[in-house]
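Enquirer:
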Amino acid sequence: VGLPVGQHIHLSAKIEDNLVIRSYTPVTSDDHKGYMDLVIKVYFKNVHPKFPEGGKMSQHLENMKLGETIDVRGPSGRLIYLGGGKFSIKTLRKDPAHIVSVKKVAMIAGGTGITPMLQLIRYITKEEDDHTEMSLLFANQSEDDILLKQELEDVAESFPDQFKLWYTVDRPTEGWKYSTGFVSAEMIQEHLFPPSRDTLVLMCGPPPMINYACIPNLDKLHYDVKLRFAY
Numbered sequence: 002v003g004l005p006v007g008q009h010i011h012l013s014a015k016i017e018d019n020l021v022i023r024s025y026t027p028v029t030s031d032d033h034k035g036y037m038d039l040v041i042k043v044y045f046k047n048v049h050p051k052f053p054e055g056g057k058m059s060q061h062l063e064n065m066k067l068g069e070t071i072d073v074r075g076p077s078g079r080l081i082y083l084g085g086g087k088f089s090i091k092t093l094r095k096d097p098a099h100i101v102s103v104k105k106v107a108m109i110a111g112g113t114g115i116t117p118m119l120q121l122i123r124y125i126t127k128e129e130d131d132h133t134e135m136s137l138l139f140a141n142q143s144e145d146d147i148l149l150k151q152e153l154e155d156v157a158e159s160f161p162d163q164f165k166l167w168y169t170v171d172r173p174t175e176g177w178k179y180s181t182g183f184v185s186a187e188m189i190q191e192h193l194f195p196p197s198r199d200t201l202v203l204m205c206g207p208p209p210m211i212n213y214a215c216i217p218n219l220d221k222l223h224y225d226v227k228l229r230f231a232y
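Numbers given in the numbering used here equal positions in the sequence shown, counted from 1, plus 1.
1. Determine which residues share a DSSP beta bridge with Y168 and list them.
2. Any idea what DSSP makes of R94, helix, strand or coil?
3. Check whether the stretch 24-43 touches the stretch 100-107, counting contact only when three or more Cβ pairs, one atom from each stretch, lie closer than 8 Å.
4. Within a Cβ cutoff of 7 Å, which residues of the same chain sit near L149, ignoring the five residues on either side of it in sequence?
5. How would you label V73, buried or exposed, when you count the other beta carbons within 10 angstroms and need 16 or more for buried?
6. According to DSSP, V202 sits in a beta bridge with which residue or residues?
7. Can E138 and V184 be called in contact, C-beta distance under 8 Å?
8. Unbroken alpha helix (DSSP H) runs of length 4 or more, entirely within the stretch 36-69: which are they?
9. With contact counted as at least three CB pairs below 8 Å, one residue from each stretch, are the stretch 61-80 and the stretch 210-225 in contact?
10. At the level of alpha carbons, what is the spacing between I81 and G7?
11. Which residue wins for smallest C-alpha separation from I93, given the options E191, K104, G78 and G85?
12. Can you name the start and end residues of the beta strand (DSSP E) that L80 belongs to?
13. Under a three-way DSSP split, which group does H33 fall into?
14. By DSSP's criteria, D72 is part of a beta bridge. Which residues make up the other side?
15. Roughly how many angstroms separate the alpha carbons of F160 and P53, rounded to a whole number?
16. Can you look up K221 in the DSSP assignment and give me helix, strand or coil?
17. For the candidate residues L201, V28 and T70, whose alpha-carbon lies nearest to that of T113?
18. Start and end of the beta strand (DSSP E) containing S102?
19. If you draw a straight line from the C-alpha of K178 to the C-alpha of Y168, how long is it?
20. In angstroms, rounded to a whole number, what distance separates the CA positions of D146 and R198?
21. Regarding Q142 and the ligand COA, is the C-beta to nearest heavy atom distance less than 7 Å?
22. Helix, strand or coil, according to DSSP, for K87 in the structure here?
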């Protein structure tokens, strides 16, 4: 498809006479020829009191029939994974890219922010000569909201030396064995790689999570600002 690992696409459609554009990260990598897989959470009408209309694009995609088309634009994004622990990163969209080489990647994802992480996890574990280690802290509202849970757990089981997985949820059920509540400094300290010159932190999730939970706690734990990236 011509979509480097780390990049996303834009889907656009005319919905109720308005042009709606949304960004999605395929979970397939560039060696899947002629197609890509998107993981999309459908936000239906009248489910969430704050968003009575639901998600315009996700409902549109849910109602599309086989054979119908949609406009796709891309690739887009400020990060490309080059393999072997090497990332090409632009601080701002118009900046020149710089190369960051690491041995470990610490990931913090919230909700549908798991998709760029899964794309990277799938690619690294598929490449036999890529020994980059990964740890993921995945935040959700409840256990039922955890997207791709089974696949993530299968990867953690198949690659125990290369991929570590930990969850936190706002509303735990009885017997929940992972963390509860917002991403905290303690969770980062216990379940992600410690700060070092060999560790890159990747974040993807709702802006409040990034701005109020991730960044202040990474600051508190002295993670290098230059070795952090928020999708």
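Note that the Cβ used here is the ideal one computed from N, Cα and C, for glycine as well.
As the structure is a prediction and not an experimental result, all values here were calculated from the model.
Expert: On the basis of the coordinates in this document:
1. Secondary-structure assignment with DSSP links Y168 through a beta bridge to F139.
2. Coil.
3. They do not touch, by the three-pair rule.
4. Here the set comprises V40, I115 and L119.
5. Classified as exposed, V73 has fewer than 16 neighbouring CB atoms from the shown chains inside 10 Å of its CB.
6. V202 is bridged to A107 and R229.
7. Checking the sequence shown, residue 138 turns out to be Leu, not Glu. Contact: yes.
8. List check, alpha helix (DSSP H) in window: 57-64.
9. Here the stretch 61-80 makes no contact with the stretch 210-225; the two share fewer than three CB pairs at distances below 8 Å.
10. Using only the alpha carbons, I get a separation of about 5 Å.
11. The sequence shown places Leu at residue 93, not Ile. Comparing Cα positions, the closest option is G78.
12. L80 to G84 is the extent of the beta strand (DSSP E) around L80.
13. H33: coil per DSSP, three-state reduction.
14. For D72, which the question treats as bridged, DSSP gives the partners S13.
15. In a straight line, the C-alpha of F160 is about 42 Å away from that of P53.
16. Helix at K221.
17. For the set L201, V28 and T70, the Cα lying nearest the Cα of T113 is the one of V28.
18. It spans H99 to S102 - the beta strand (DSSP E) in which S102 sits, taken as one unbroken run.
19. Approximately 9 Å between the Cα atoms of the pair.
20. In a straight line, the C-alpha of D146 is about 34 Å away from that of R198.
21. The ligand COA is not part of the structure shown, which contains no ligands of any sort.
22. In the structure shown, K87 sits in a strand (DSSP, three-state: E or B).
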